[in-house]
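Worksheet: the structure to be examined is printed underneath.
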Ligand code: NDP
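Residue numbers (the working numbering): 10 to 231.
Next comes the structure, spelled out in structure tokens:
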């Protein structure tokens with residue numbers, strides 16, 4: 010049975026990924042920050058672990074828990090938007106966004122990517138078109154944009170290191186999605202976004218290693 014690992018699955022896009030992969034008969038390992046969310050993920054049939062991506066100890070514990078695992082697909086989904094108009098963020102605002110969106114994935118990659126590379130599988134991070142420098146037309150959400158641009162850099166390094174070991178590593182924009190982060194006015198339902206993301210990732214081969222893609226598979230400038 011193929012195995013998918015979803016990091017950040019309590020709600021939104023990550024939670025829908027768990028639901029869809031389970032429906033398709035996949036074995037799913039999922040993480041959530043709160044105990045009660047882990048219990049709910051277990052009810053969906055996932056193997057669940059508690060993880061706060063801002064905690065080095067929590068990430069180290071996940072490393073031990075996943076020690077014997079091999080995974081076909083890994084999605085690093087957890088993220089925060091932070092303050093709406095943080096053109097002059099406070100230190101704590103900066104730290105909160107960067108720790109979640111950048112430092113978390115930086116620490117997770119050395120744990121997760123080897124599990125994927127062993128199976129010549131795929132590792133995807135949920136970035137955002139807002140992190141694109143080449144496609145930039147607005148300055149709203151400056152701090153969030155900077156965090157996703159930095160995440161893209163982490164992904165590019167990951168693709169070099171673990172692509173050489175057989176993994177295909179990509180950054181995705183999931184579209185503008187109706188979640189707590191995207192809001193109710195977003196253009197895509199969470200089901201539509203996740204259906205497209207899963208299909209696109211499934212269709213990729215190693216030639217896409219290091220790509221930044223829209224949910225439908227079209228390329229996004231870095
Ligand atoms: P939501 O706000 O709905 O969910 C965010 C998820 O991240 C929750 O599961 C949350 O867990 C988790 N999370 C946040 N901080 C931590 C942490 N410290 N440790 C563990 N988990 C954490 O967001 P979406 O589902 O909409 O977004 C998912 C990803 O997609 C994000 O990375 C986002 O930046 C990206 N994205 C979303 C877009 C959209 O339109 N929705 C557009 C572009 C990108 P908890 O419940 O514990 O808070």
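The beta carbon of each residue, even a glycine, is placed where N, CA and C say it ideally should be.
Any non-hydrogen atom of the ligand NDP closer than 7 Å to residue i Cβ
| i | result |
| --- | --- |
| residue 137 | yes |
| residue 42 | yes |
| residue 185 | yes |
| residue 69 | no |
| residue 21 | yes |
| residue 191 | yes |
| residue 61 | yes |
| residue 204 | no |
| residue 46 | yes |
| residue 17 | yes |
| residue 88 | yes |
| residue 109 | yes |
| residue 195 | yes |
| residue 198 | no |
| residue 167 | no |
With 16 other Cβ atoms within 10 Å as the buried cut-off, status of residue i
| i | result |
| --- | --- |
| residue 24 | buried |
| residue 142 | exposed |
| residue 77 | exposed |
| residue 65 | exposed |
| residue 225 | exposed |
| residue 135 | buried |
| residue 167 | buried |
CA nearest to the CA of residue i, picked from the options
| i | options | result |
| --- | --- | --- |
| residue 195 | 10, 21, 14 | 21 |
| residue 130 | 200, 62, 176 | 176 |
| residue 16 | 204, 169, 88, 183 | 88 |
| residue 206 | 65, 182, 215 | 182 |
| residue 75 | 44, 120, 202 | 120 |
| residue 36 | 50, 42, 44, 43 | 50 |
| residue 108 | 90, 54, 43 | 90 |
| residue 190 | 150, 128, 118 | 150 |
| residue 137 | 156, 47, 92 | 156 |
| residue 163 | 221, 211, 13 | 221 |
| residue 47 | 27, 103, 32 | 27 |
Own chain partners of residue i with C-beta closer than 7 Å, once the 5 adjacent residues on each side are dropped
| i | result |
| --- | --- |
| residue 217 | 177, 179 |
| residue 113 | 62, 63, 87 |
Own chain, CB closer than 6 Å to residue i, minus 5 neighbours either side, in chain order
| i | result |
| --- | --- |
| residue 132 | 83, 122, 125, 176, 178 |
| residue 98 | 152 |
8 Å CB neighbourhood of residue i in its chain, flanking five on each side removed
| i | result |
| --- | --- |
| residue 172 | 178, 215, 218, 219 |
| residue 198 | 186, 187 |
Interface flag, residue i vs chain D, CB-CB below 8 Å
| i | result |
| --- | --- |
| residue 21 | Although the question refers to chain D, the structure presented lacks it and comprises just one protein chain. |
Residue i CB to nearest heavy atom of the ligand SAH below 7 Å
| i | result |
| --- | --- |
| residue 94 | This structure does not include the ligand SAH; its bound ligands are the ligand NDP. |
Please give me, in chain order, every unbroken run of the alpha helix (DSSP H) with length at least 4 that falls completely inside the region 33-114.
44-52, 65-74, 100-107
Any alpha helix (DSSP H) of 4 or more consecutive residues that is wholly inside the region 165-224
199-212
What are the start and end residues of each continuous alpha helix (DSSP H) run of 4 or more residues lying completely inside the region 106-157, in chain order?
113-126
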